[in-house]
Amino acid sequence: MPWIIIGIVVLVLIVLIVPAYNSLVQLRNRVRDQWAQIDVQLKRRFDLIPNLVETVKGYAKHESETLENVVKARNSYVSATTPADQMKADGELEKAISKLFALAESYPDLKANENFISLQADLKDTEDKIAAARQFYNDVVLQYNNKVQTIPSNIVAALFGFKTEPFFEAAAEERENVKVQF
Numbered sequence: 001m002p003w004i005i006i007g008i009v010v011l012v013l014i015v016l017i018v019p020a021y022n023s024l025v026q027l028r029n030r031v032r033d034q035w036a037q038i039d040v041q042l043k044r045r046f047d048l049i050p051n052l053v054e055t056v057k058g059y060a061k062h063e064s065e066t067l068e069n070v071v072k073a074r075n076s077y078v079s080a081t082t083p084a085d086q087m088k089a090d091g092e093l094e095k096a097i098s099k100l101f102a103l104a105e106s107y108p109d110l111k112a113n114e115n116f117i118s119l120q121a122d123l124k125d126t127e128d129k130i131a132a133a134r135q136f137y138n139d140v141v142l143q144y145n146n147k148v149q150t151i152p153s154n155i156v157a158a159l160f161g162f163k164t165e166p167f168f169e170a171a172a173e174e175r176e177n178v179k180v181q182f
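First residue of the sequence shown: 1, per this note's numbering; consecutive thereafter.
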């Protein structure tokens, strides 16, 4: 009789643990997949940046600091090894690119250059895709983190070492009000 009770308890535990574990694994994999989708779009952006920098160089030779900052920010993302480091480097890169486009406003010939216009349009399209990928990533992270933190799956998460994932958040300077001057 005690073996039957132990067997029922083990069976109940298996029936509860296996689905919770599988669900956590599926959500963790979706988080990783969504991060990879962001990475794909960032790679596309990185492929565009050298061409953009070379195009601007021809018109703005004395603006080397801005161009160097774009290249430096791009390289810091490439060398980042964790999602948190990549998120930080991505914020720096966005800031550097916006300065590059602001610089272009000072050069009417550059603004009219077909190659620059095309690269700018491609980069804008890529930025839109990055924003959408970030939103999907955060949605999946929310689902996963909820599963890791709610009962009864939090018990399974603790047993098997599932940890919450960070959201993709804007850097502090990106949250500040934009100053527009005419």
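From the three backbone atoms N, C-alpha and C, an ideal C-beta is built for every residue, glycine too.
Which listed residue (the options) has its alpha carbon closest to that of residue i
i, options, result
"Val140", "Pro166, Asp128, Lys129, Asp39", "Pro166"
"Asn154", "Ile5, Ile4, Leu24, Glu92", "Leu24"
"Pro152", "Ser118, Leu142, Tyr21, Leu103", "Tyr21"
"Met87", "Ala133, Phe162, Pro2, Asn69", "Ala133"
"Glu43", "Leu93, Ile14, Pro19", "The question names Glu, but residue 43 is Lys in the sequence shown. Nearest C-alpha to Lys43: Leu93."
"Asn69", "Val53, Thr81, Ile4", "Val53"
"Arg190", "Val9, Val12, Thr82", "There is simply no residue 190 to check, as the chain begins at 1 and stops at 182 in what is shown."
"Asp85", "Thr55, Lys129, Asp39", "Asp39"
"Asp128", "Asn75, Arg45, Leu13", "Arg45"
Beta carbon of residue i nearer than 7 Å to that of residue j
i, j, result
"Ala73", "Ala96", "yes"
"Thr150", "Leu100", "no"
"Tyr107", "Ala89", "no"
"Val148", "Ile17", "no"
"Leu27", "Gln135", "no"
"Tyr59", "Asp122", "no"
"Gln34", "Thr126", "no"
"Thr164", "Asn145", "yes"
"Phe168", "Asn138", "yes"
"Glu63", "Leu103", "yes"
Continuous alpha helix (DSSP H) stretch holding residue i: start and end
i, result
"Glu54", "2-59"
"Glu105", "Counting along the chain, Glu105 falls outside any alpha helix (DSSP H), and DSSP gives it neither H nor E."
"Ala73", "64-79"
- Query: Which runs of the alpha helix (DSSP H) spanning at least 4 residues fall entirely within the segment 109-171, listed in chain order?
  - Reply: Along the length of the segment 109-171, whole alpha helix (DSSP H) runs at least 4 residues long occupy 114-149, 153-160, reported in chain order.
- Query: Within the chosen definition, does the segment 101-115 reach the segment 41-50 through at least 3 CB pairs nearer than 8 Å?
  - Reply: Note that the segment 101-115 does not touch the segment 41-50; fewer than 3 beta-carbon pairs, one per stretch, sit closer than 8 Å.
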